[in-house]
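S.K.:
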Amino acid sequence: MPPIRKGRRFSFEDRLRRADGRVMLTFAFWLSLGASMVVVLLTALGIQLASGVGLYAKKRGERLSKQPWVDVYVMVMLLAPWVGCAIVAGWWGLLGSFGGQAVAAAAWSVMHIYSHPKRDRGRGPTRALGKRVGRTRVWCAMGLSVVMLPMLVAMRVMQMTVWPLFRRLMRLPAENGAVYFSFTRHGATGLVGVELLWALYCEWAMGVWSMSGQIVRHCASMWCPMRFAEESKNRAFSVDFPDVERWGEANSLSGTERVIDQMYGGGSTAWFGHASRDTGVAESGVRDEASKQAA
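Under my numbering, the letters of the sequence shown match residues 12 to 306, in that order.
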């Protein structure tokens, strides 16, 4: 297609080309929206039928709520539409996939609500929160929380791809993904529609965050076990890094080197409170001799 001529006035052919471009972008957006909506709804329908229809439905549903199926759902319903639509239609395709997933979630929520008796509706946490901060605030906060979804999916992809290579290189203990990723809250009575979707989203997001926390604790204790110069920072970080008290003194590379030699002398490179070690930070009320020397 020849380039559009610059200037204050466009010819009829230039205006036609601009109109054709807008039509193609609009078509790409709506096509991506429809495709992602269909993928999400069909996947949700398949899960519903597989776990609720036929013989052994309960046992089948229990298996489908655990690994590796949890990762399959995330990849098929979230990541695959994003990547596929972005490849086919660029940024407009990506935006369309977001819209399709939102429409699918809303449609599924409505169908799920009306498939349950009235006595089971409106008993979820959003109702209790709405009484305290207002329903409008709750719904706006839920919308803002969804913005984190791409970041959480990216973190999970890194856990499945980069982390296995990293832990083998550094001889770190494996983290059992089945502990972090499973769906259990769907059995609660009263969680219907968007309440159920939100409960499952929170359950999965907490799994991503918890496993990421373990990975970061390994890295922090292994790469640079040096306390911070500000004691207030040490206290604040001790919530997520319980072994900070075992690290070397602040602003001292010799202390860091000594802690690495002493703490990893037994062959373990896990963070000092990890379950793979014989003693954990939470159970030990005092430091061992090596930690005392380092501190």
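Note that beta-carbon positions come from the ideal geometry of N, C-alpha and C, so glycine has one too.
(1) Throw me the rounded Cβ distance for the residue 107 and residue 163 pair, which I believe falls under 8 Å.
(2) With the cut-off set at 8 Å, would you say residue 262 and residue 255 are in Cβ contact?
(3) Over the uninterrupted alpha helix (DSSP H) stretch that includes residue 153, give me the two end residues.
(4) Quick one: residues in its chain with C-beta nearer than 7 Å to the C-beta of residue 302, no 5 flanking neighbours on either side, listed in chain order?
(5) Out of curiosity, what's the CA-to-CA distance linking residue 180 and residue 130?
(6) So what does DSSP say about residue 259, is it helix, strand or coil?
(7) Residue range of the alpha helix (DSSP H) that residue 275 falls in?
(8) Taking the straight line between their C-alpha atoms, what separation do you get for residue 176 and residue 39?
(9) Let me check one thing: in DSSP terms, what residues is residue 122 bridge-paired to?
(10) Which runs of the alpha helix (DSSP H) spanning at least 4 residues fall entirely within the segment 142 to 230, listed in chain order?
(11) Going by C-alpha distance, which of 165, 217, 118, 194 is nearest residue 49?
(12) Using DSSP's beta-bridge definition, name the partner residues of residue 237.
M.R.: By the coordinates alone:
(1) Rounded, the Cβ-Cβ distance is 21 Å, inconsistent with contact.
(2) Against a cut-off of 8 Å, the Cβ pair of residue 255 and residue 262 comes out as no contact.
(3) 146 to 157
(4) Confidence at residue 302 is low in this model, with a pLDDT of 40, below 50, so the placement of that residue should be treated as unreliable; the coordinate-derived value is given next. Closer than 7 Å at the Cβ level, and outside the excluded window around residue 302, lie 257.
(5) 55 Å
(6) Three-state result, residue 259: strand.
(7) Residue 275 -> no alpha helix (DSSP H), and no H or E assigned at all.
(8) Spanning the two alpha carbons is a distance of roughly 38 Å.
(9) Per DSSP, none; premise fails for residue 122.
(10) 146 to 157, 160 to 181, 188 to 191
(11) By alpha-carbon distance to residue 49, the top candidate from 165, 217, 118, 194 is 118.
(12) 259
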